[in-house]
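Protein chains in written order, with the working numbering: chain A, -15 to 543; chain B, 588 to 690. Below is one structure, written out as structure tokens; comments come after it.
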């Protein structure tokens, strides 16, 4: 591989929602040279490729940021960071105004006020939300975007970030990037578990299949503290297309019903995990399949739904058209997805302080990769991008660029080149990915076991994941793109190990389906009204139980 | 979940390949092709980029797909979605991008 050294002030890893916004804020608030490394192309990369048809986190009239904190805290059964939620919530409306200025269409009434959907949502046309963000970023003079560059490892010395390593997935150039500060914004992790449709449509999942947990894995390997991985996210989705259901539930007030036509929402509760659990239970007890009741809606509502889904999840509209049955004439079947790790919906991710600095000095986290702050959605990710950007700009005033030794560079390069040069006639990254997903599905609470697990199964899962990790050392890549696939697999395996350790550590069932431990089927506030955190030390995952940050208090690192 | 690219229509501009969030589309002999069809997320970014409507999207049979091919055509602020069924029936849904969703 050809090698190249790059030096920058602030490196942003991942040009999705949070990463792009962080760059915008940096350009306005500092003279720093900013480099975004994005493994695809920022025009459509990340969660917003197809678009999004609502802003789900907004403080509507008559509500306060604290109301949003309370809502998220309740949904997560207390395991959140109130300080992070509050600093995010305080920015939700200003980032929304900014998005509108950049060109996002938001529905307004005749008085020019935003039209709200429920207590926290705005209606938008968000098909082009990502091109809007990327156009804004591409016009900034101090920001360089390197598309198709996959970052694989941080360089960390004495708990301080010096930069990162990566390679061009087309060019095969190996990059050593020195930076004063790094913002990691790589999103969450999909593809850990066997998906709903593991064959031809294996990537027709809700969360982007290209979000492979890179940021989590790099942090774990570098010894960063992580929080709440055990709060997995399982989405309730339209069957087959895995399209969102919120538009049906909130837009046309469709209720969840079983095959007998009974509304079962009331029996299980309406938090996200309860909605999934209710649907699973109705199926297990023989009252499936379950639906969102759309029969009887008006033709105008049909038409509005066809359009709303084209702006976000076009497969669902195509399915309605192809089947010849619009939602007014056929209820929409629903199912739970495979579990994801995603800090924008639940609280999994880096353990950060209120400035979004991780436990590694100079490394900031924003968006789905940052923990403790669920229910971020698009605007929350932008808000965190802003907070992390401002903190990074402040940090570089007092910290010179880190330097990466040639020795470390050589060893990372040798690792990458090893995959390109070694031969393997037996196993491919694809086979091992399937093996990993099968293990997680069977032993770590996948769709197969209705998301349930016990301790013995988790032990087996860990044993088998370690074995697949060992096999992955020997994989062969034909080209740099396949090299990325190998790194992505290895990232997922690292995340799986941490996830299993977290699931094992929480001896209770606080959230149905998200972490349904059959050995401990009840909530245990006496011992587990706390955060489960972890740090990897010498290849082993050490669990740390931390007290909840109290209402009105803010957590700061003591390092 | 995947796309079909009409090699006769393709002009090799590479815009679909550039924008794919999975970098799944490659160019060979100045024609685009999807190298990893099973890895397509179904985001339809590529079909919106194609200036000659050579890229079409379809649902896999495993998720109930029945063979319709989908592409988009842009006219000013209007994004037209064109769904062609195997029996020749064409459905067109026009969305004004300056108008918000109702839901």
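No residue lacks a Cβ here, since even glycine has one placed at the ideal position from N, Cα and C. All figures in this text were calculated on a predicted structure; none of them were measured in a lab.
- Neighbours of residue 313 of chain A across chain B, judged by C-beta separation under 8 angstroms, do not exist; the nearest C-beta is about 16 angstroms away.
- Flagged as an interface residue toward chain B: residue 306 of chain A, by a C-beta distance shorter than 8 angstroms.
- From the listed residues A:409, A:1 and A:366, the smallest Cα separation to residue 76 of chain A is found for A:366.
- Residue contact check for residue 298 of chain A against chain B: a CB pair falls below 8 angstroms.
- Residue 501 of chain A has A:437 as its beta-bridge partners, per DSSP.
- Taking C-alpha positions only, residue 184 of chain A is separated from residue 411 of chain A by approximately 20 angstroms.
- DSSP, reduced to helix, strand and coil, places residue 224 of chain A outside both helices and strands of the structure shown, so it counts as coil.
- In chain order, 684, 686, 687 and 688 make up the part of chain B whose C-beta sits under 7 angstroms from the C-beta of residue 109 of chain A.
- Along the length of the region 248 to 297 of chain A, whole alpha helix (DSSP H) runs at least 4 residues long occupy 249 to 252, 256 to 268 and 283 to 294, reported in chain order.
- Interface residue (Cβ-Cβ distance to chain B less than 8 angstroms): residue 178 of chain A is not classified as such.
- Looking from the CA of residue 282 of chain A, the closest CA among A:235, A:143 and A:228 belongs to A:235.
- When C-beta distances to chain B are compared with 7 angstroms, the residues of the region 269 to 298 of chain A below that value are 288, 289, 290, 291, 292, 294, 295 and 298, in chain order.
- According to the DSSP secondary-structure assignment, residue 623 of chain B is paired through a beta bridge with no residue.
- Residues of the region -5 to 27 of chain A with a Cβ closer than 7 angstroms to any Cβ of chain B, in chain order: 24, 25 and 27.
- Rounded to the nearest whole angstrom, the C-alpha separation of residue 671 of chain B and residue 295 of chain A is 19 angstroms.
- Cβ proximity to chain B below 7 angstroms picks out 181, 183, 184, 185, 186, 187, 188, 192, 193 and 194 from the region 172 to 206 of chain A.
- Taking CB atoms only, residue 625 of chain B has a neighbour in chain A less than 8 angstroms away.
- It is roughly 46 angstroms from the alpha-carbon of residue 78 of chain A to the alpha-carbon of residue 461 of chain A.
- Interface flag for residue 33 of chain A against chain B is set, since a Cβ pair is found closer than 8 angstroms.
- Take residue -11 of chain A, set aside five residues on each side of it, and the residues of its chain with a beta-carbon closer than 6 angstroms to its own are 160, in chain order.
- Comparing alpha carbon positions, the residue from A:404, A:194, A:83 and A:56 closest to residue 8 of chain A is A:83.
- Shown in chain order are the members of the region 122 to 155 of chain A whose Cβ falls below 9 angstroms from a Cβ of chain B: 131, 132, 153 and 154.
- Taking CB atoms only, residue 160 of chain A has no neighbour in chain B less than 8 angstroms away.
- Interface criterion not met: the Cβ of residue 473 of chain A is under 8 angstroms from no Cβ in chain B.
- Secondary-structure assignment with DSSP links residue 592 of chain B through a beta bridge to B:642.
- Nearest C-alpha to residue 222 of chain A among A:435, A:358, A:80 and A:263: A:263.
- For residue 668 of chain B, the three-state secondary structure derived from DSSP is strand.
- By the Cβ test, the region 488 to 499 of chain A is not in contact with the region 18 to 32 of chain A, since fewer than three Cβ pairs between them sit closer than 8 angstroms.
- Annotated three-state conformation of residue 25 of chain A is coil, per DSSP.
- Restricted to the region 286 to 359 of chain A, the beta strand (DSSP E) segments that are unbroken, complete and at least 3 residues in length are 316 to 320 and 347 to 349, listed in chain order.
- Residue 143 of chain A and residue 346 of chain A have their C-alpha atoms spaced approximately 9 angstroms apart.
- At a cut-off of 8 angstroms between C-beta atoms, residue 303 of chain A counts as an interface residue with respect to chain B.
- Per DSSP, residue 214 of chain A lies in no beta strand (DSSP E) segment and is marked neither H nor E.
- Taking a 10 Å sphere around the C-beta of residue 65 of chain A, we find 16 or more other C-beta atoms and assign the residue as buried.
- Restricted to the region 129 to 206 of chain A, the alpha helix (DSSP H) segments that are unbroken, complete and at least 4 residues in length are 198 to 205, listed in chain order.
- The beta carbon of residue 356 of chain A is closer than 6 angstroms to those of 65, 68, 211 and 331 in its chain, skipping five residues each way along the sequence.
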